Amino acid sequence: MVLVLALSACNRDTPLFLVKAVAAGVPSLAPFFDENQGLGRDDAQVTAQTAHGGLQQGDTPGLYGGSKQPTVCDVARLKEFLTDPANDRKAQAWAAALSITTDEIPGYLDRLTPVLLRHDTLVKNHDYKKGKAAPFNALLQTGIAILVDQQGLPAVKCSCGNPLRPFEGDTTRIKVEFDDRNDEWKGYEKSSVVAVRPATRKVERLALVDVHEPDRGITRPVGTTGEDDTAFDTRERHAVPNLAGATFGQASRRLADNGLAVAFAGGGLPPDDARVTASDPPAGSELRFGEYVTLSVAGGSSGGSPSDGTTPAPPGSGSSPPTDPSATTPTSPSASSPSGPTAPTSSSGSGGPGPGSSGPSSPGPSSSGPTSSGPSSAGPTSAKPPSSPPPPSTTSHRKPAGKRGIGLCAPRSSIAMRRCSPVSRPGA
Numbered sequence: 048m049v050l051v052l053a054l055s056a057c058n059r060d061t062p063l064f065l066v067k068a069v070a071a072g073v074p075s076l077a078p079f080f081d082e083n084q085g086l087g088r089d090d091a092q093v094t095a096q097t098a099h100g101g102l103q104q105g106d107t108p109g110l111y112g113g114s115k116q117p118t119v120c121d122v123a124r125l126k127e128f129l130t131d132p133a134n135d136r137k138a139q140a141w142a143a144a145l146s147i148t149t150d151e152i153p154g155y156l157d158r159l160t161p162v163l164l165r166h167d168t169l170v171k172n173h174d175y176k177k178g179k180a181a182p183f184n185a186l187l188q189t190g191i192a193i194l195v196d197q198q199g200l201p202a203v204k205c206s207c208g209n210p211l212r213p214f215e216g217d218t219t220r221i222k223v224e225f226d227d228r229n230d231e232w233k234g235y236e237k238s239s240v241v242a243v244r245p246a247t248r249k250v251e252r253l254a255l256v257d258v259h260e261p262d263r264g265i266t267r268p269v270g271t272t273g274e275d276d277t278a279f280d281t282r283e284r285h286a287v288p289n290l291a292g293a294t295f296g297q298a299s300r301r302l303a304d305n306g307l308a309v310a311f312a313g314g315g316l317p318p319d320d321a322r323v324t325a326s327d328p329p330a331g332s333e334l335r336f337g338e339y340v341t342l343s344v345a346g347g348s349s350g351g352s353p354s355d356g357t358t359p360a361p362p363g364s365g366s367s368p369p370t371d372p373s374a375t376t377p378t379s380p381s382a383s384s385p386s387g388p389t390a391p392t393s394s395s396g397s398g399g400p401g402p403g404s405s406g407p408s409s410p411g412p413s414s415s416g417p418t419s420s421g422p423s424s425a426g427p428t429s430a431k432p433p434s435s436p437p438p439p440s441t442t443s444h445r446k447p448a449g450k451r452g453i454g455l456c457a458p459r460s461s462i463a464m465r466r467c468s469p470v471s472r473p474g475a
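With the sequence shown counted from 1, adding 47 to any position gets you my numbering.
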């Protein structure tokens, strides 16, 4: 009863995070780059998908999309612009927003990858005002073209060149502000927005879904703009691997390599070194590309990505994702639903191993990935791409006694503290 009262009081008194809506195809009023010069191109025809939970790891298969069309973002032109001495002031502001130096801009851009959003996505956006990068929380509409970094995090909005960083607030406590230029778009659902947390390694390949042909998957090497894409059939089905005894970090990476996603809910990931005790569905179950597998874990000494306002490590830092204090107790399955383009068949999904974040040809996770609290090695990958995932399910799992859902709050004090996270307001 004390816990309930504390949470009720906290939720009643904690202001919402103010978020500015940014619609696909609508030019920025304060861009770093003149949008009339065709730096990037949004696709307003992309249909929003519903993901499981408000947080998604950057290497989640099918999180982002692509197409057969020419590149959606001219990275070479952006590099030329930011390295031109005439634009030095903008370059300094742009680099500062991403926690890098101006000398690091060319190499940083070379490691980014263009994708299309398949979900309405929360980010920290930056306008260019009075010679500085002005940060503000934003909700980017599905179909907006962005560049993502080596951990799958949004890094640049293609059409205007504005730098992006992860949303730092609570995804369940947002107030989205629409205006006369960015009207509420068709299909918008507050409960379906996502925020991206960094993958626990540097991603070698992104497993995308063709936004116009959902049965077609796209394996895109990181740092390329589409010229080296290879296609796979998202309809092919593969078995869930046996993950019992592996660490959560190993299991999540192995699932991603097989084209499957890890299910977790709101509060953050469990410790990377927590041991997996079971999966739902169990090993051997046939799933389709992008569907979720819910893991039960126990133990562990450090947390995963939080949703309570902790800032992920800056680009190129090589640091592991921030620790969530609530994730230090045993966890158990949460409801699972797919992020794929087709309709769901069950709460835990049914899809197969296609190229995950590190691609089907990779024997395991990248050895150059950022450090984490748990083992960095992942299980074997699948050489075959999986099949097209069904849309999200509304079924929820009952948590076993004595365990908690992955990513849910743990100690009483942790819940109250996170629910009372500081307010984040849009920049000027």
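All C-beta atoms in this analysis are idealised placements derived from N, C-alpha and C, irrespective of residue type, glycine included.
Remember, it's a predicted structure, so these values are computed and weren't measured experimentally.
Beta-carbon proximity of residue i to residue j, cut-off 7 Å
{"i": "S238", "j": "G87", "result": "no"}
{"i": "V287", "j": "V344", "result": "no"}
{"i": "E251", "j": "V269", "result": "yes"}
{"i": "L159", "j": "A95", "result": "no"}
{"i": "L255", "j": "G105", "result": "no"}
{"i": "A321", "j": "P108", "result": "no"}
{"i": "A144", "j": "P210", "result": "yes"}
{"i": "L253", "j": "R267", "result": "yes"}
{"i": "P161", "j": "T118", "result": "yes"}
{"i": "N289", "j": "A246", "result": "no"}
{"i": "L169", "j": "F214", "result": "yes"}
{"i": "G208", "j": "F79", "result": "yes"}
Buried or exposed (CB count within 10 angstroms, at least 16 for buried), residue i
{"i": "G72", "result": "exposed"}
{"i": "D275", "result": "exposed"}
{"i": "K171", "result": "buried"}
{"i": "R136", "result": "exposed"}
{"i": "T148", "result": "exposed"}
{"i": "P74", "result": "exposed"}
{"i": "D304", "result": "buried"}
{"i": "E338", "result": "buried"}
{"i": "G296", "result": "buried"}
{"i": "K115", "result": "exposed"}
{"i": "K204", "result": "buried"}
{"i": "N3", "result": "This structure leaves residue 3 out entirely; the chain is present only between 48 and 475."}
{"i": "A448", "result": "Legend: pLDDT at A448 = 39, less than 50; position of this residue unreliable, value from coordinates given subsequently. With fewer than 16 other Cβ atoms within 10 Å, it is exposed."}
{"i": "Q84", "result": "exposed"}
{"i": "P132", "result": "exposed"}
{"i": "D81", "result": "exposed"}
{"i": "A192", "result": "buried"}
{"i": "G234", "result": "exposed"}
{"i": "F123", "result": "Looking at the sequence provided, one finds Ala at residue 123 rather than Phe. Classification for A123: exposed."}
{"i": "S55", "result": "The predicted model places S55 with a pLDDT of 43, which falls under 50 and marks its position as unreliable; any figure quoted below should be read in that light. Exposed, by the Cβ-count rule."}
{"i": "D24", "result": "Only positions 48 to 475 of the chain appear in the structure, and residue 24 is not among them; the question remains open."}
{"i": "G365", "result": "Any reading at G365 must be qualified, since the residue scores a pLDDT of 38, below 50, and its modelled position is unreliable; the value itself is stated next. Exposed is the call here."}
Neighbourhood of residue i by C-beta, 6 Å cutoff - its chain only, sequence neighbours within 5 removed
{"i": "A70", "result": "Q188, N229 and W232"}
{"i": "D90", "result": "L163 and G190"}
{"i": "S223", "result": "Per the sequence presented here, residue 223 reads as Val, with Ser not at that position. Excluding positions up to five away in sequence, the list reads V66, A68 and L186."}
{"i": "A138", "result": "L129 and T149"}
{"i": "G273", "result": "T118"}
{"i": "S332", "result": "V287"}
{"i": "Y155", "result": "I147"}
{"i": "D121", "result": "L86"}
{"i": "R212", "result": "K171"}
Opening and closing residue of the beta strand (DSSP E) in which residue i lies
{"i": "A68", "result": "F64 to V69"}
{"i": "G270", "result": "No beta strand (DSSP E) contains G270, which DSSP labels as neither H nor E."}
{"i": "I221", "result": "I221 to E224"}
{"i": "S252", "result": "Note that residue 252 is Arg in the sequence shown here, rather than Ser. Residues R252 to D257."}
{"i": "T341", "result": "Y339 to A345"}
{"i": "S326", "result": "R322 to D327"}
{"i": "V309", "result": "A308 to A310"}
{"i": "V93", "result": "It is not in any beta strand (DSSP E) - V93 carries neither H nor E in the DSSP assignment."}
{"i": "G243", "result": "Per the sequence presented here, residue 243 reads as Val, with Gly not at that position. It spans V241 to R244 - the beta strand (DSSP E) in which V243 sits, taken as one unbroken run."}
{"i": "T277", "result": "T277 to D280"}
{"i": "L102", "result": "L102 to Q104"}
Same chain, Cβ closer than 7 Å to residue i, five either side skipped, listed in chain order
{"i": "D157", "result": "G270"}
{"i": "P153", "result": "K126 and T130"}
{"i": "A180", "result": "A140, W141, A143, A144, H173 and P210"}
{"i": "A325", "result": "A291 and S343"}
{"i": "A278", "result": "R263, G264 and I265"}
{"i": "A298", "result": "L290, V323 and L342"}
{"i": "N134", "result": "F128"}
Neighbourhood of residue i by C-beta distance below 8 Å, restricted to the same chain and skipping five residues each side
{"i": "V93", "result": "A71, G112, L163, L164, R165, T189, G190 and V258"}
Residue i, enclosing alpha helix (DSSP H) - first and last residue
{"i": "R300", "result": "F295 to D304"}
Contact test: residue i Cβ vs the ligand SAM heavy atom, cutoff 6 Å
{"i": "F79", "result": "Only the bare structure without any ligand can be found here, which leaves the ligand SAM out of the picture."}
Enumerate, from N- to C-terminal direction, the unbroken alpha helix (DSSP H) stretches of 4 or more residues contained entirely within the stretch 114 to 180.
Taken in chain order, the whole alpha helix (DSSP H) runs of length 4 or more contained in the stretch 114 to 180 are 122 to 129, 135 to 144 and 152 to 157.
Practice problem: Can you check the stretch 194 to 223 for any beta strand (DSSP E) of at least 3 residues that lies completely inside it and give the ranges in chain order? | Solution: 201 to 204 and 211 to 213, all fully within the stretch 194 to 223.
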